[in-house]
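Notes for the one structure printed next.
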Amino acid sequence: MKHLLLAVALWLSFALGATAQDTDIRSTIRQQLDAFEAEDVEQAFQFASPTIKNVFRTPQMFGHMVQHGYPMVWKPGPVVFLSLEEREGRLFQNVMIEDRSGRTHLLEYKMLQVDGVWQIDGVRLLNIGTVA
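When the count follows the UniProt record's numbering, it moves up by one through the sequence shown with no breaks and lands on 132 for the last residue.
The structure is reproduced here in structure tokens:
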């Protein structure tokens with residue numbers, strides 16, 4: 001009985017931890033999308049990883065890249081969070097975004113935890129058939 005209780009406690013702590021992790025990752029992405037919607041590039045830049053910040057150097061350069069390279073992210077329509085996947089120790093959140101013209105796009109957000117805070121370390125456009 002003692003082993004069963006321990007197993008249940010361990011399972012619950014794992015399950016609750018995964019849920020909190022999912023929530024934190026989704027919140028990071030959602031907040032960045034909200035910042036882009038408001039055209040607040042300084043705020044959106046705060047959710048980028050150090051690597052992304054080093055590549056683009058300024059919030060304005062970052063915002064310009066997103067506006068022209070990822071217009072569905074710059075002014076998103078409906079957003080649906082799909083699977084969170086772990087590959088080689090990295091977490092990838094799949095997100096379906098509808099753009100302003102009604103087209104659906106599937107994006108993969110590579111996430112990085114820095115000092116306990118989730119940050120976006122890259123976004124890749126996927127083919128719709130890539131994720132179940």
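Even glycine gets a Cβ: it sits at the ideal position worked out from N, Cα and C. All values reported here derive from a predicted model rather than from experimental measurement.
Taken through DSSP and simplified to helix, strand or coil, Gly-122 comes out as strand.
Under a 10 Å Cβ-count criterion, Ile-29 is classified as buried, with 16 or more other Cβ atoms of the shown protein chains found around its own Cβ.
Taking a 10 Å sphere around the C-beta of Gly-63, we find 16 or more other C-beta atoms and assign the residue as buried. In the three-state reduction of the DSSP assignment, Phe-81 falls in the strand class. The beta carbon of Gly-122 lies closer than 6 Å to those of Lys-110 in the same chain, with the five residues before and after it left out. Membership of Thr-51 in any beta strand (DSSP E) is not indicated; the residue belongs instead to the alpha helix (DSSP H) covering 50-56. By the 16-neighbour rule on beta-carbons within 10 angstroms, Pro-78 is exposed. Per DSSP, Arg-30 has no beta-bridge partner at all.
Take the alpha-carbon of Leu-106 and the one of Gly-69: they are about 14 Å apart. Counted as a single uninterrupted DSSP element, the beta strand (DSSP E) harbouring Glu-98 occupies residues 90-98.
Per the C-alpha coordinates, the member of Thr-104, Ala-44 and Gln-46 positioned closest to Leu-126 is Thr-104. Taking a C-beta distance under 8 Å as the contact criterion, Arg-26 and Phe-81 qualify as a contact pair. The straight-line gap separating the alpha-carbon atoms of Arg-57 and Ser-101 is approximately 31 Å.
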